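Number of protein chains: 2
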Amino acid sequence: MGDVIEGVVTTPLDIITGDDGDVMHAFKKIEPDYKSFGEAYFSSVKYDHIKAWKKHLIMTLNIVVPVGEIKFVLFDDRKNSISKNNFLEINLSTENYQRLTVPAGIWTGFQGVSKGLNLLLNIADIPHDPEEADNLGINEIQYDWSMSK
Amino acid sequence: MGDVIEGVVTTPLDIITGDDGDVMHAFKKIEPDYKSFGEAYFSSVKYDHIKAWKKHLIMTLNIVVPVGEIKFVLFDDRKNSISKNNFLEINLSTENYQRLTVPAGIWTGFQGVSKGLNLLLNIADIPHDPEEADNLGINEIQYDWSMSK
Numbered sequence: 034m035g036d037v038i039e040g041v042v043t044t045p046l047d048i049i050t051g052d053d054g055d056v057m058h059a060f061k062k063i064e065p066d067y068k069s070f071g072e073a074y075f076s077s078v079k080y081d082h083i084k085a086w087k088k089h090l091i092m093t094l095n096i097v098v099p100v101g102e103i104k105f106v107l108f109d110d111r112k113n114s115i116s117k118n119n120f121l122e123i124n125l126s127t128e129n130y131q132r133l134t135v136p137a138g139i140w141t142g143f144q145g146v147s148k149g150l151n152l153l154l155n156i157a158d159i160p161h162d163p164e165e166a167d168n169l170g171i172n173e174i175q176y177d178w179s180m181s182k
Numbered sequence: 034m035g036d037v038i039e040g041v042v043t044t045p046l047d048i049i050t051g052d053d054g055d056v057m058h059a060f061k062k063i064e065p066d067y068k069s070f071g072e073a074y075f076s077s078v079k080y081d082h083i084k085a086w087k088k089h090l091i092m093t094l095n096i097v098v099p100v101g102e103i104k105f106v107l108f109d110d111r112k113n114s115i116s117k118n119n120f121l122e123i124n125l126s127t128e129n130y131q132r133l134t135v136p137a138g139i140w141t142g143f144q145g146v147s148k149g150l151n152l153l154l155n156i157a158d159i160p161h162d163p164e165e166a167d168n169l170g171i172n173e174i175q176y177d178w179s180m181s182k
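Respectively, the protein sequence lines represent chains A and B.
The letter at position 136 of the first sequence is residue 169 when you use this note's numbering, and the numbering goes up by one with no holes.
The letter at position 48 of the second sequence is residue 81 when you use this note's numbering, and the numbering goes up by one with no holes.
Structure, rendered in structure tokens:
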């Protein structure tokens with residue numbers, strides 16, 4: 034999982050299997066990480082493709098991966114952070130079914146790991162607003178994305 | 034689509050395609066059907082399997098289907114409803130990518146249509162509470178679920 038980053042939380046979630054299909058928890062208002070609801074959207078990422086890097090200035094991400102497998106890489110360059118310059122790596126899937134909560138201020142990238150559909154749901158605390166996010170090109174933060182890692 | 038049921042809303046949603054993957058809208062706080070956030074969860078249903086019937090007494094369902102295809106059947110037995118005894122049928126998928134908003138008081142059932150994964154996301158306005166839902170066996174509301182329909 035690499036380093037720890039201050040404020041990033043992973044929360045194991047239940048999958049209840051059944052004869053007709055499953056129920057998979059995502060997020061409940063009563064959970065301690067719930068702040069508010071702004072928008073829910075899906076994002077898919079193709080096998081070995083990478084979406085990186087984005088840093089939200091206000092939005093908190095709450096991400097689950099119900100289909101496929103996605104590798105997330107987080108990078109902390111916050112001034113005065115106790116985890117400054119740390120990278121956190123985590124693969125989410127139904128095999129490792131956890132919610133990843135990313136506070137504002139953390140650089141985030143992700144990569145499709147399975148050859149089928151790789152799908153994430155983000156339940157964000159504010160609606161999408163391009164003005165509150167910064168972007169960098171994939172090579173502007175040094176990280177080895179090669180799949181053999 | 035069968036009949037109309039008072040209070041049921043379908044909202045077409047955007048899918049933004051990209052070279053690395055897609056972004057698929059689900060629900061924004063600023064949309065008119067947004068009431069509150071209680072819980073988000075996934076439910077899958079196997080091919081030709083049926084999950085029916087359930088009626089919520091308080092919860093409003095906001096359902097999207099990001100993977101596969103699911104047939105929803107809604108039945109209105111509300112006293113004094115102008116759509117009493119109506120059935121509404123709708124198939125949701127990425128081909129017909131809409132949000133289905135079901136108010137409290139409507140019987141709901143659904144069936145897996147594709148042979149792969151059929152997955153729905155429900156963004157409910159209250160957290161799950163078994164006390165606020167009624168259940169009936171599949172044969173307790175007369176409906177022909179045969180796939181040839």
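Glycine included, each C-beta is placed from N, C-alpha and C at the ideal position.
These figures come from a predicted structure and were not determined experimentally.
Beta-carbon of residue i versus every beta-carbon of chain A: anything under 8 Å?
{"i": "K88 of chain B", "result": "no"}
{"i": "A59 of chain B", "result": "yes"}
{"i": "K79 of chain B", "result": "yes"}
So residue i and residue j are supposed to be a Cβ contact under 8 Å. How far apart are they, rounded?
{"i": "D55 of chain A", "j": "I83 of chain B", "result": "At roughly 15 Å, the Cβ-Cβ gap does not stay under 8 Å, so D55 of chain A and I83 of chain B are not in contact."}
{"i": "V42 of chain B", "j": "T134 of chain B", "result": "4 Å"}
{"i": "I139 of chain A", "j": "D109 of chain A", "result": "6 Å"}
{"i": "Y74 of chain B", "j": "N155 of chain B", "result": "6 Å"}
{"i": "V97 of chain B", "j": "A59 of chain B", "result": "5 Å"}
{"i": "V146 of chain A", "j": "K87 of chain A", "result": "About 19 Å; that fails the 8 Å criterion."}
{"i": "G71 of chain B", "j": "K62 of chain A", "result": "5 Å"}
{"i": "L107 of chain B", "j": "T141 of chain B", "result": "6 Å"}
{"i": "Y50 of chain A", "j": "D66 of chain A", "result": "Tyr is not the amino acid found at residue 50 of chain A; the sequence shown has Thr there. Not really, about 25 Å apart at Cβ, beyond 8 Å."}
{"i": "M180 of chain B", "j": "D81 of chain B", "result": "6 Å"}
{"i": "I38 of chain A", "j": "L121 of chain A", "result": "5 Å"}
Strictly below 9 Å CB to CB, what residues from chain A border residue i?
{"i": "K9 of chain B", "result": "Residue 9 of chain B is absent from the structure shown; chain B starts at 34 and stops at 182."}
{"i": "L107 of chain B", "result": "Per Cβ cutoff of 9 Å: no residues; L107 of chain B is ~18 Å from chain A at best."}
{"i": "I83 of chain B", "result": "D53"}
{"i": "L154 of chain B", "result": "A59, A73, F75, P99, L154"}
I want to verify the contact list: residues of chain B whose CB lies under 7 Å from the CB of residue i, in sequence order.
{"i": "D177 of chain A", "result": "Within 7 Å Cβ-Cβ: nothing; D177 of chain A doesn't reach chain B, min ~18 Å."}
{"i": "A76 of chain A", "result": "Position check: residue 76 of chain A holds Ser in this sequence, whereas Ala was assumed. Those within 7 Å of S76 of chain A in chain B are G54, V56."}
Would you mind telling me which residues of chain A sit closer than 7 Å to residue i, beta carbon to beta carbon, in chain order?
{"i": "L150 of chain B", "result": "V100"}
{"i": "G142 of chain B", "result": "Simply none; closest approach about 11 Å."}
Quick one: does residue i have its CB under 8 Å from some CB of chain B?
{"i": "G145 of chain A", "result": "yes"}
Check whether the segment 88–95 of chain B and the segment 150–162 of chain B are in contact - that is, three or more C-beta pairs closer than 8 Å.
yes
Counting beta carbon pairs with one atom in the segment 146–155 of chain A and one in the segment 113–120 of chain A, are three or more of them shorter than 8 Å?
no
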